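A.B. asks: Numbering (our numbering), first residue to last: 1457 to 1572. Ideal Cβ placement from N, Cα and C applies to all residues, glycine included. None of the values given here were measured: they were computed from a predicted structure. Here it is, the structure, as structure tokens.
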Amino acid sequence: MKNLEVSFRATRALYTAADLFKQYGFNKVGVDRIVSEAKMTKATFYNYFHSKERLIEMCLLVQKEHLKEKVRALSESRQYPDLALKLRQIYLLHADLKGAYYLLFKAIFEIKKLYP
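Next up, the structure:
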């Protein structure tokens, strides 16, 4: 049961952080805000993630995996038998600013601002 609890806490922190990063950006969200919203202690946070940078990396990996799953599901779907329609749906997944790709785009643009 303890592993399940650990997994739940870490997952809650990941999704809470991802939502905060989407709303406010990576630089404007601190660890204090993340732990407050995720209802965990700082010690627990650092036990799971070791740093804010590692948390960001994990958030981006989770988002990338969600996007890959959606693309894979679309490509294997029989809902769009026409290849052009299927490609259009895959394109729309990437262009959706509320979808899985948004956080990845946000990371790219914020990094580009900091390091031109």
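Give, in chain order, every unbroken run of the alpha helix (DSSP H) that is at least 4 residues long and sits entirely within the region 1482-1508.
C.D. replies: Listed in chain order, the complete alpha helix (DSSP H) runs (minimum 4 residues) inside the region 1482-1508 are 1487-1494 and 1498-1505.
A.B. asks: Looking only at its own chain, which residues have a Cβ that is under 8 angstroms from the Cβ of residue 1476, when we skip the five neighbours before and after it?
C.D. replies: So the list reads 1485, 1489, 1490 and 1493, once near-sequence residues are dropped.
A.B. asks: Where do the ends of the alpha helix (DSSP H) carrying residue 1545 lie?
C.D. replies: From DSSP, the alpha helix (DSSP H) with residue 1545 extends over 1539-1551.
A.B. asks: Out of 1531, 1523, 1466 and 1469, state which residue places its alpha-carbon closest to the alpha-carbon of residue 1551.
C.D. replies: When each option's Cα is compared against that of residue 1551, the closest is 1523.
A.B. asks: What does the Cβ neighbour count give for residue 1457, buried or exposed, with the cut at 16 atoms within 10 Å?
C.D. replies: In this predicted model, residue 1457 has a pLDDT of only 40, less than 50, meaning its place in the structure is not dependable enough to derive any value.
A.B. asks: Suppose you measure from the CA of residue 1528 to the CA of residue 1502; what does that come to, to the nearest Å?
C.D. replies: Going by the C-alpha atoms only, they are around 34 angstroms apart.
A.B. asks: Could you round the C-beta distance between residue 1530 and residue 1542 to whole angstroms and report it? I think they count as a contact, below 8 angstroms.
C.D. replies: Rounded, the Cβ-Cβ distance is 6 angstroms, consistent with contact.
A.B. asks: State the start and end residues of the unbroken alpha helix (DSSP H) segment that holds residue 1562.
C.D. replies: 1558-1570 is the span of the alpha helix (DSSP H), which, as asked, contains residue 1562.
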